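There are 2 protein chains.
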Amino acid sequence: MRPELVRIAPRTGTAFTMKAGQTLTVIDPEGEQVADLLCFNANDVAEVLSSGRTLDYASRIYLTTGDPLYSNRSNVMLEIVEDVVGRHDFLLTPCSKDTFRIIYGDTDPHQGCFGNLAQALAPYDIKPDAIPVAFNCFMNVPIDGTTGAISVLPPLSKPGDYMKFRARMDLIVGLTACSALQSNNGRLKLIECRVE
Amino acid sequence: MRPELVRIAPRTGTAFTMKAGQTLTVIDPEGEQVADLLCFNANDVAEVLSSGRTLDYASRIYLTTGDPLYSNRSNVMLEIVEDVVGRHDFLLTPCSKDTFRIIYGDTDPHQGCFGNLAQALAPYDIKPDAIPVAFNCFMNVPIDGTTGAISVLPPLSKPGDYMKFRARMDLIVGLTACSALQSNNGRLKLIECRVE
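Line order of the protein sequences matches chains A and B. Those letters in the first sequence? Residues 1 to 196, per this note's numbering, in order. Those letters in the second sequence? Residues 1 to 196, per this note's numbering, in order.
Below, the structure written as structure tokens:
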């Protein structure tokens, strides 16, 4: 049986469980579209993905094939096993009403990836306050090494590009098709994923 | 009455409360010593300092005078009102037993800033799992803009250098004299602070 391909509509999110050893493929079918990825220990949701631990242990802000993603308890949650793009972000929190208000000046802001993740994760008893920095697949965030300036540029992903993660523990995963225009080169597209 | 100067012994940490409007001065008396700073909303400890929100809104990884530090709810918790050093880190989590085990290969690791913060914050009902990326005062972490490589170099702080924060809400604050040799140019020193 072919594992099901899940389509995440533009500006929405979803959540699902994975067993240790399963793989998750995140696909960008049209190209230049970011997907925010979060995960929690399925047996104790106080254990969550940690950018700070992961970047410290990697000694690199750009992660790719072979890199483990650590939890706040320094356990490996996911490992990147395949990555055809090679540029993702792990510095910035999911876009939210406040992002759109503070950065874009929107008066009636969309709930963003943060709101989409909060909604999708609520049935798993995960509170919005527990949403940390996400691993932002395909998000292209160069840093100026001298000034520290952060830029948000169009993703380097082309149509059909993907990356694959292996779960190293039983997980609850949240995943979005990112809602911020700047992150997605001005056009909000879908994301596909598959667990197998 | 002169506000009390608190001494934080090498490789230890402390916690205290601040009222909105008060200032916190963090002093590096001997120079080249990092202090990990965390804060929680005193009225609801689920609201906590967020590196991801702060860096996103600043569009810079290096923060200094005038920059607000945001919570996971996008509220301003602290504002940097004076900074004579100009280089601090907001990417890496507090050093921990696991840091010393994974990065330094220690077999009997010190509890690090993470353990010190967990201990100091426990009386305020803050759980270790709730400790996020800290604002690491005086920590000098350049990023290679091309490769994304993270370096940990000696702090730029000279003896007596300091930075001052203003609280924008009632806070519980955790603060350490950092325990990691590499972050402090190989010598673990004290930190001083003052709330007024």
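Note that CB positions come from ideal geometry on N, CA and C, so glycine has one too. Only a predicted model underlies this, so the values are computations on that prediction, with no experimental measurement involved.
Residue nearest to D89/A within the set T14/A, C137/A, Q33/A is C137/A (criterion: CA-CA distance). Considering only beta carbons, the part of the region 132–148 of chain B lying closer than 9 Å to chain A consists of P132, V133, A134, P142, I143, D144, G145, T146, T147, G148, in chain order.
Nearest to P159/A by alpha-carbon distance, out of E196/A, T176/A, I143/A, V84/A, is V84/A.
Contact of E47/B with chain A is assigned, a C-beta pair being separated by under 8 Å. Contact annotation, G145/B with P142/A: C-beta distance approximately 6 Å; criterion of less than 8 Å satisfied.
When the five nearest sequence neighbours on each side are left out, the beta carbons in the same chain lying within less than 6 Å of the beta carbon of N116/B are those of T12, G13, T176, in order along the chain. Note that the region 148–165 of chain B touches the region 21–36 of chain B; at least 3 beta-carbon pairs, one per stretch, sit closer than 8 Å. Under the DSSP definition of a beta bridge, I172/A partners with T17/A, F40/A. In the same chain as R101/B, and ignoring 5 residues on each side of it, the C-beta atoms closer than 7 Å to its own belong to P109, in chain order.
At a cut-off of 8 Å between beta carbons, T12/B makes no contact with chain A. In terms of beta-carbon proximity, L153/A stays away from the interface with chain B, with every pair separated by 8 Å or more. Among the residues facing chain A, S74/B is included, as its CB has a counterpart in that chain under 8 Å away. For Y104/B, the closest Cβ of chain A is not nearer than 8 Å.
Of the candidates Y57/B, V81/B, L24/B, Y57/B places its Cα closest to the Cα of Y70/B. Taking C-alpha positions only, V152/A is separated from E4/B by approximately 44 Å. The C-alpha of D125/B lies about 34 Å from the C-alpha of G186/B.
Counting along the chain, no alpha helix (DSSP H) covers D125/A, and no H or E run does either. DSSP lists L5/B, T25/B as the beta-bridge partner residues of R194/B. Around Y57/B, the beta-carbon contacts reaching into chain A at under 7 Å are I102, I103.
Taking 8 Å as the CB threshold, L91/B lines the interface with chain A. Scanning the region 48–127 of chain A from its first residue to its last, the whole alpha helix (DSSP H) runs of 4-plus residues come out as 51–58, 97–102, 112–121. The Cβ-Cβ distance between S183/A and V34/A falls below 8 Å. For V45/B, the closest C-alpha among the options S51/B, K97/B, N72/B, R166/B is that of N72/B. Excluding sequence positions up to five before and after L190/B, its CB lies within less than 8 Å of the CB of R7, I8, A9, P10, P29, E30, Q33, A177, all in the same chain and listed in chain order. The alpha-carbon separation between Q119/A and Y62/A amounts to approximately 29 Å. For S50/A, a Cβ of chain B is located within less than 8 Å of the residue's own Cβ. Straight across, the Cα-Cα distance linking P94/A with R53/A is about 18 Å. Straight-line spacing of the CA atoms in L38/A and C193/B works out to 36 Å. Annotation for E47/A: N41, S71, R73 place their beta carbon closer than 6 Å to its own, counting only its chain and skipping 5 residues before and after.
DSSP places N185/A in the coil class of the three-state scheme, outside both helix and strand.
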